[in-house]
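For the protein sequence lines, the chains are A, B and C, in the order given.
Numbered as in this note's numbering, the first sequence ends at 253 without a single skipped number.
Numbered as in this note's numbering, the second sequence ends at 89 without a single skipped number.
Numbered as in this note's numbering, the third sequence ends at 142 without a single skipped number.
For glycine and all other residues, C-beta sits at the position ideal for the given N, C-alpha and C.
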Amino acid sequence: MASHDHDHPHDHDHDDHDHHHDPHAPQKDHDSGPADPHEVLEQALRELLIEKGVLTAGEINAQVDFMDTRSPALGANVVARAWTDARFKQRLLADTRVALAEMDIDIGSLADFRTVENTPETHNVVVCTLCSCYPKLLLGIPPAWYKSTAYRGRVVVDPRGVLDEFGVKVPDGVDVRVHDSTADLRYIVLPMRPPGTDGWSEKKLASIVTRDTMIGTAIPKVTEKTAARAARGKSAS
Amino acid sequence: MSGEPVHSAPRFKPGDAVRIDDRAAHGHCRTPWYLRGKTGVVTEVQGAFRDPERLAYHRSGLPPQVLYKVRFAQPDIWKTYSGPSTDQLEADIYEPWLQSTT
Amino acid sequence: MSEPKRKTRLRKGAGGRAAHDVGGLLDFGPIDRAEHDPALWEKRVDAMLILLVGPKKGAFKIDAMRRVIEDYGQQEYDATTYYQKWVRAIRNLLIEQEVITRDELDKKFAIVATEFEGRGRSVPSKVIP
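Okay, structure coming up:
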């Protein structure tokens, strides 16, 4: 690990002497090769904001840590709860903010959340054509493809083609409903619980709920492996 | 419903047919170009929110604007839509961009 | 406080749509589904933005951030990554809102660039539009 000399002299508050335990020690410092000038710009802005007392290094680090706690695994727990608790599901669909708060998930004040439910009649898929709005405070930072102009451009006009590319074949007779997140509402898809999961625990159910199933570009699948794992878990418990 | 208190009664209600204004954007706006001039149906009054077209220029965004969820039949947006005619698209649109179709 | 100028930078050959307003366009090739974990500097950009627009700091609104990104127009919009757009927009807004000055930033950028180079990481361009 880095000696003291390699520590980033600007990464911390002046009252923070615990250099060696900084979880945000600059992992990229030892990268060889040219830097993206935007990375230099980030550090310059961060240092100026800290020097001016607008932000502290502690606040920035805490926010990075906080965002690291937001990941598709968190959303998967919510979906699994909705699959096993019909009343929770009703609350989730009626007021997502309140239902998430029950699970100690605070979505902050920047945007409100809506949950849209896949049914045998309707498959939902989410996009933000104007920028990249995403339920980040539940699912973490969005995948690069979600932010790409290729996805944003095409999914509204050719949703079935895009879904097909992602491996989702929506049969005729099931409507595809695209949600363009144009305002301060963030959309989460509640996928359908797949057959073959009767008696599964919430934890096992959550294991088949991926990020893309909550965007609508995948459907939860019971593979031989997950089924076997669930069966083993069931007999053991 | 969420966001800011509603200052004025919403002009539209769920079930109303609405046409998205096809005027040009004048600076920042949140009404996508592909929906302008298209007709859909209000499915939900989402509440009132500060106006992004003013917030973007450091103004207060007040009074809040009523926001609607509008559902479009895909063939009403794209003449050449290749999927089933029952496919849909929904977007959240602020009241100043909505026109009555009657 | 004077209001920044309202303008809409259009996408060429795509009707009256703005550069960022891409719904319905098929011009961008296949969807690249490669997964990338964000780099630490990108996570910090994300963190700074959330803090700056939050109720406690209120340096500017997220709507202003979107407006500044849109103001770059098509060429820059298509050529930059997500967090490149964000860090530029944060810079422009901090200057617009007089939280920092251009001069302060130029000086700081030069110091940080020298530090990077001292660690063996060249900074190929020191001008970011």
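Margin query: If distances are taken between C-alpha atoms only, which option among A/F129, A/P210, A/E58 comes closest to C/K98?
Written below: Closest in alpha carbon position to C/K98, among A/F129, A/P210, A/E58, is A/E58.
Subject >> Outcome for A/D130 when other beta-carbon atoms lying within 10 angstroms are tallied against a minimum of 16 >> reply: According to the sequence as given, residue 130 of chain A is Arg; it is not Asp. Burial check for A/R130: the Cβ neighbour count within 10 Å reaches 16 or more, so the residue is buried.
Exercise for the section: Indicate whether the contact test is met: 3 or more Cβ pairs, each with one atom in the stretch 102 to 110 of chain C and one in the stretch 65 to 74 of chain B, closer than 8 Å. Expected result: Cβ pair count under 8 Å is below three, so no.
* Asked: Measuring CB to CB, does A/R170 end up less than 8 Å from A/C144?
  -> No, the pair does not count as a contact, with Cβ atoms beyond the cut-off.
Hey, does A/H54 have any beta-carbon neighbour from chain C nearer than 8 Å?
Answer yes: the Cβ-Cβ gap between A/H54 and chain C drops below 8 Å somewhere.
State the start and end residues of the unbroken beta strand (DSSP E) segment that holds A/K219. Where A/K219 is concerned, there is no enclosing beta strand (DSSP E), although the alpha helix (DSSP H) it sits in stretches over 218 to 222.
Buried or exposed for A/V114, going by 16 or more other Cβ atoms inside 10 Å? So A/V114 counts as exposed.
4-residue-minimum alpha helix (DSSP H) runs that sit fully inside the stretch 98 to 125 of chain C, ordered along the chain
Segments of the alpha helix (DSSP H) lying fully in the stretch 98 to 125 of chain C: there are none.
request  = Grab the span of the beta strand (DSSP E) containing A/T229 for me, first residue to last.
outcome  = Per DSSP, A/T229 belongs to no beta strand (DSSP E); it is in the alpha helix (DSSP H), 227 to 231.
Exercise for review: Give every residue of the same chain whose Cβ lies closer than 7 Å to the Cβ of A/T198, excluding the five residues on either side of it in the sequence, and list them in chain order.
Suggested key: Closer than 7 Å at Cβ, skipping near neighbours: L146.
Taking only the alpha-carbon atoms, compute the straight-line gap between A/G215 and A/R103 and give it to the nearest angstrom.
The alpha-carbon atoms of A/G215 and A/R103 are separated by roughly 18 Å.
Here's the rule I'm using: 16 or more other beta-carbon atoms within 10 Å means buried, otherwise exposed. How should C/S138 be labelled? By the 10 Å Cβ count, C/S138 comes out exposed.
inquiry  = If distances are taken between C-alpha atoms only, which option among A/V205, A/T239, A/G232 comes closest to A/E181?
reply    = Nearest C-alpha to A/E181: A/G232.
Please state whether the Cβ-Cβ distance between C/A32 and C/Y90 is less than 8 Å.
Yes; because the gap between Cβ atoms is below 8 Å, this pair is in contact.
Cβ neighbour criterion (16 or more within 10 Å) applied to A/S164:
With 16 or more Cβ atoms within 10 Å of its Cβ, A/S164 is classed as buried.
*Kindly identify the DSSP beta-bridge partner or partners of C/D50.*
Answer is none; C/D50 lacks a bridge partner.
Nearest candidate by alpha-carbon position, reference C/I75, set B/A43, B/S47, B/L49: Residue nearest to C/I75 within the set B/A43, B/S47, B/L49 is B/A43 (criterion: CA-CA distance).
* **When B/R(-2), B/T18, B/F(-1) are compared against B/D9, the one with the closest alpha-carbon** => The shortest C-alpha separation from B/D9 is found at B/T18.
Drop a sphere of 10 angstroms on the beta-carbon of C/P68, count the other beta-carbons inside from all chains shown, and report buried for 16 or more, exposed for fewer. Exposed, since its Cβ has fewer than 16 Cβ neighbours within 10 Å.
Handout entry: Environment of A/H195 [buried if 16+ CB atoms lie within 10 Å]
Key = By the neighbour-count rule (16 or more Cβ atoms within 10 Å), A/H195 is buried.
Practice problem: Report the neighbours of A/G169 on chain C: residues whose CB is nearer than 8 Å to its CB, in chain order. | Solution: Within chain C, V35, G36, G37, L38, L39, D40, F41 have C-beta atoms less than 8 Å from the C-beta of A/G169, given in sequence order.
In terms of alpha-carbon separation, which member of A/V178, A/Q79, A/H54 lies closest to C/P43? It is A/V178.
- Message: Does chain A have any CB closer than 8 Å to the CB of B/G14?
- Response: No - not a single Cβ of chain A is within 8 Å of the one on B/G14.
Assign B/G34 to one of two classes, buried (16 or more other C-beta atoms within 10 Å of its C-beta) or exposed (fewer than that). The Cβ neighbour count for B/G34, taken over all protein chains shown within 10 Å, is at least 16; the residue is labelled buried.
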